[in-house]
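Participant:
Numbering (our numbering), first residue to last: 8 to 260.
1. Tell me, which residues are paired with residue 97 by DSSP?
2. Please state whether DSSP places residue 141 in a helix, a strand or coil.
3. What did DSSP end up calling residue 196 once you bin it into helix, strand or coil?
4. For a minimum of 4 consecutive residues, which ranges assigned as the alpha helix (DSSP H) are wholly contained in the stretch 42-86?
5. Tell me which residues share the same chain as residue 104 and place their Cβ nearer than 7 Å to its Cβ, disregarding the 5 neighbours each side in the sequence.
6. Just to confirm the assignment, what range does the beta strand (DSSP E) spanning residue 227 have?
7. For residue 87 and residue 125, what's the separation of their Cα atoms in angstroms?
8. Taking the straight line between their C-alpha atoms, what separation do you get for residue 155 and residue 251?
9. Going by the CB atoms, is the gap between residue 97 and residue 148 shorter than 9 Å?
10. Please return the same chain residues whose Cβ sits closer than 8 Å to the Cβ of residue 12, not counting the five positions on each side in sequence.
11. Comparing C-alpha positions only, which one of 141, 84, 216 sits nearest to residue 184?
12. Kindly indicate which three-state DSSP category residue 179 falls into: helix, strand or coil?
13. Reducing DSSP to helix, strand and coil, say where residue 105 ends up.
14. With distances taken from CA atoms, which of 177, 16, 70, 28 is nearest residue 228?
15. Between the C-alpha atoms of residue 60 and residue 36, what's the straight-line distance to the nearest angstrom?
16. Bridge partners of residue 250, per DSSP?
Here it is, written out as structure tokens:
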């Protein structure tokens, strides 16, 4: 797919080295943007940036960053501005999970680490990219990646569920604060991504996953992110776009 919705735009994608982040970065490049692929892992991040560069020269660069660190985020934003001249879109995608633990055995250090990477990063990146967007005076779009775990909780992911629930309300607060500057803030909320339902499962089993009978793929999320970040959603802010195949509906009845 190719269009020019993001021609002359610069997008930062955190966690851009894999899965949803990689798909979002690719989609932006396909639509004309220059993309800062932000990741803590230089191998993954540089690989994605090189892949995008091979598709269109000058379209992407890798920036290593610990997005839970204020100092690192400030440095990264400065480097992106130096490289590309500004920032128009921020996608806060990075997250880690404590899956497999309950409150009874969850290590406190892991609790704090999950919140730092999954929630604090949204605050820090939105703060410092938001400042840049305000100073540029041309508005912008911030898209935060949520999770259905943040809407209903997940039995075996205590910290992750708490962090993603907080991301949703943080997004609404940011939308209220930044709207006066023409900066829109929205959340895109998927269910499980990257694990298609097996073809050998019975239709009833697939319906229990969601109403569409298949698992989400990263491109499903990237499509939604591209829409809410684009001018086509220019009057959309403080919204949460569910991209879950109807999983919260609870099946086909």
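Note that CB positions come from ideal geometry on N, CA and C, so glycine has one too. Predicted model only: the values in this text are computed from it and were never measured.
Facilitator: In terms of the structure at hand:
1. 19, 149
2. helix
3. strand
4. Whole alpha helix (DSSP H) segments, 4+ residues: 49-62.
5. 121, 164, 167
6. Per DSSP, residue 227 belongs to no beta strand (DSSP E); it is in the alpha helix (DSSP H), 225-236.
7. 21 Å
8. 8 Å
9. In contact: residue 148 and residue 97 (Cβ atoms closer than 9 Å).
10. Cβ contact annotation for residue 12 (same chain, cutoff 8 Å, sequence separation greater than five): 38, 39, 233, 237, 238, 239, in chain order.
11. 141
12. In the three-state scheme derived from DSSP, where H, G and I count as helix and E and B as strand, residue 179 is classed as helix.
13. coil
14. If we check each option's Cα against that of residue 228, 28 comes out closest.
15. Approximately 9 Å, taken between the alpha carbons.
16. 197
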